[in-house]
Amino acid sequence: MISRRGVLVGGSALLAGLAACSEPSSRSAGGTQEIRYGDDDSQVADLYLPPGSEKVPAVVVIHGGFWMSGYGKELATPLAEDLAKSGVAGYAIEYRRVGNGGGWPMTFDDVAAAIDALADQPRVAVDQVVAVGHSAGGHLAVWAAGRTGRVVLKGAVSQAGVLDLVNAYDAQVGGDAVVQLMGATPTEDQKRYASASPYEQLPLKVPVALVHGTRDGQVPLDQSQRYLAAAKKAGGAVALTELPGVGHFELIDPKHDAWAACRKETLRLLQR
């Protein structure tokens with residue numbers, strides 16, 4: 683089983699490449715807004731708007747990295763920019779992570795607050811908002827799709843998401859990442875896991891699209907397959923796209939066909 687350190691090292695080359703896609707020169711163009719939803723340095727998000735003045739749907743883009751401070755929203759930025767080219771607002775959010783004040787419940791509180799901050803954005807059609815998230819971000823995206831607030835998501839796309847926290851803990855997905863996030867084992871606090879794990883919250887009232895590569899070495903395909911089976915059994919609206927030969931990080935490469943598949947599912951949910 684891959685360790686958390688292995689995830690950081692394995693994704694370092696991609697991280698550097700994606701960070702290069704979000705230099706200030708591109709972000710300073712019109713249509714980009716920084717939104718602060720709290721006082722902490724990590725309570726910030728970037729909203730990328732398409733040209734025009736009309737209201738547009740929005741996509742909350744939630745980065746992964748096993749909820750750890752080693753990864754940040756620079757992984758979400760290229761995807762948010764790409765979505766803005768499709769005529770919707772791309773909203774790359776940051777949140778407190780393990781190692782910089784995050785974990786249960788702070789990480790979850792931040793994701794909820796960042797999404798609700800869209801209610802104050804005049805160009806965002808708040809009844810047309812979905813979330814897309816990668817890895818740990820996929821977990822947070824689907825979790826957020828089950829909550830109520832000022833902005834209620836109409837769907838979520840999980841890109842190789844960690845959707846069953848109890849199973850992920852048992853299988854040591856990401857090493858000890860799950861217990862680091864939750865601050866307890868499933869045995870020690872069952873209610874906490876029931877509140878935080880999408881698998882335990884079925885069925886959702888909104889549709890969920892799952893996208894997962896068959897050669898993912900970080901988050902097993904079984905995470906999506908288990909969620910699919912349980913969601914269908916519970917009567918939820920769910921679909922799984924398995925990408926043959928695709929690994930973990932291709933899903934967040936804006937030039938890769940794997941991201942194109944994720945974008946397609948995201949826009950499909952907005953059109954429902």
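Sequential numbering of the sequence shown, starting at 683, is according to the numbering used here.
Heads up, the beta-carbon is just placed ideally off N, CA and C, and yes, glycines get one too.
| Asked | Found |
| --- | --- |
| Measuring straight from C-alpha to C-alpha, what distance separates Ala758 and Leu922? | 22 Å |
| CB Gly918 to CB Val890, shorter than 8 Å? | yes |
| If I'm right that Asp746 touches Gly815 with Cβ under 8 Å, what's the distance once you round it to whole angstroms? | The identity of residue 746 in the sequence shown is Gly, whereas the question assumes Asp. About 7 Å separates the two Cβ atoms, so the contact holds. |
| How about Val808 and Val770: are their beta carbons less than 8 Å apart? | no |
| Give the DSSP-derived three-state secondary structure of Ser840 in the structure shown. | strand |
| Is the beta carbon of Gly844 less than 8 Å from the beta carbon of Ala818? | Residue identity check: residue 844 is Val in the sequence provided, not Gly. It is a contact, given that the beta carbons lie within the stated cut-off. |
| Which residue comes first and which comes last in the alpha helix (DSSP H) that contains His631? | Any property of residue 631 remains undetermined from this structure, which presents the chain solely from 683 to 954. |
| Which ranges does the alpha helix (DSSP H) cover as unbroken runs of at least 4 residues, wholly within the stretch 858 to 894, from first to last along the chain? | 859 to 864 and 872 to 878 |
| Check whether the Cβ of Tyr730 sits closer than 7 Å to any heavy atom of the ligand FAD, and report yes or no. | Absence of the ligand FAD is noted for the structure shown, with no ligands found whatsoever. |
| Do you know how far the Cα of Arg945 is from the Cα of Leu933? | 10 Å |
| In terms of alpha-carbon separation, which member of Asp798, Val806, Ala774 and Gln803 lies closest to Ala827? | Asp798 |
| What does the Cβ neighbour count give for Arg778, buried or exposed, with the cut at 16 atoms within 10 Å? | buried |
| Might you give, ordered along the chain, the residues of its own chain that have their beta carbon closer than 8 Å to the beta carbon of Lys914, omitting 5 neighbours on each side? | Val920 |
| For Asp898, is the classification buried or exposed, using 16 other Cβ atoms within 10 angstroms of its Cβ as the cut-off for buried? | buried |
| Given a cut-off of 8 Å on the beta-carbon distance, is the pair Ala912 and Tyr881 in contact? | yes |
| Near Arg908, which residues of its chain fall below 8 Å by C-beta distance, leaving aside the five closest residues on each side in sequence? | Leu845, Asp846, Asn849 and Tyr881 |
| First and last residue of the beta strand (DSSP E) that includes Glu763? | Looking at the DSSP string, Glu763 is not in any beta strand (DSSP E); the run it does join, the alpha helix (DSSP H), is Thr759 to Lys767. |
| Whole angstroms are fine: how far does the CA of Thr789 sit from the CA of Leu903? | 24 Å |
| Just how far apart, CA to CA, sit Gly632 and Ala766? | Outside the modelled stretch of the chain, which goes from 683 to 954, sits residue 632, for which no answer is possible. |
| Determine the direct distance from the alpha carbon of Gly734 to that of Leu822, and round the result to whole angstroms. | 30 Å |
| Return the first residue and the last residue of the alpha helix (DSSP H) that Leu933 is part of. | Segment: none, Leu933 is in no alpha helix (DSSP H) and carries neither H nor E. |
| At 4 residues or longer, what runs of the alpha helix (DSSP H) sit wholly inside the stretch 777 to 821? | 788 to 798 |
| Measuring straight from C-alpha to C-alpha, what distance separates Val811 and Gly754? | 22 Å |
| Taking only the alpha-carbon atoms, compute the straight-line gap between His938 and Gly927 and give it to the nearest angstrom. | 13 Å |
| Taking just the CA atoms, how far does Ala774 sit from Thr830? | 20 Å |
| Please list, in chain order, all residues of the same chain as Ala796 whose beta carbon is under 6 Å from its beta carbon, the five residues on each side excluded. | Tyr719, Ala727 and Ile775 |
| Using alpha carbons as the reference points, say which of Ala859, Ala838, Gln872 and Pro787 lies closest to Val888. | Ala838 |
| Over what stretch of residues does the alpha helix (DSSP H) that includes Arg908 continue unbroken? | Leu903 to Ala916 |
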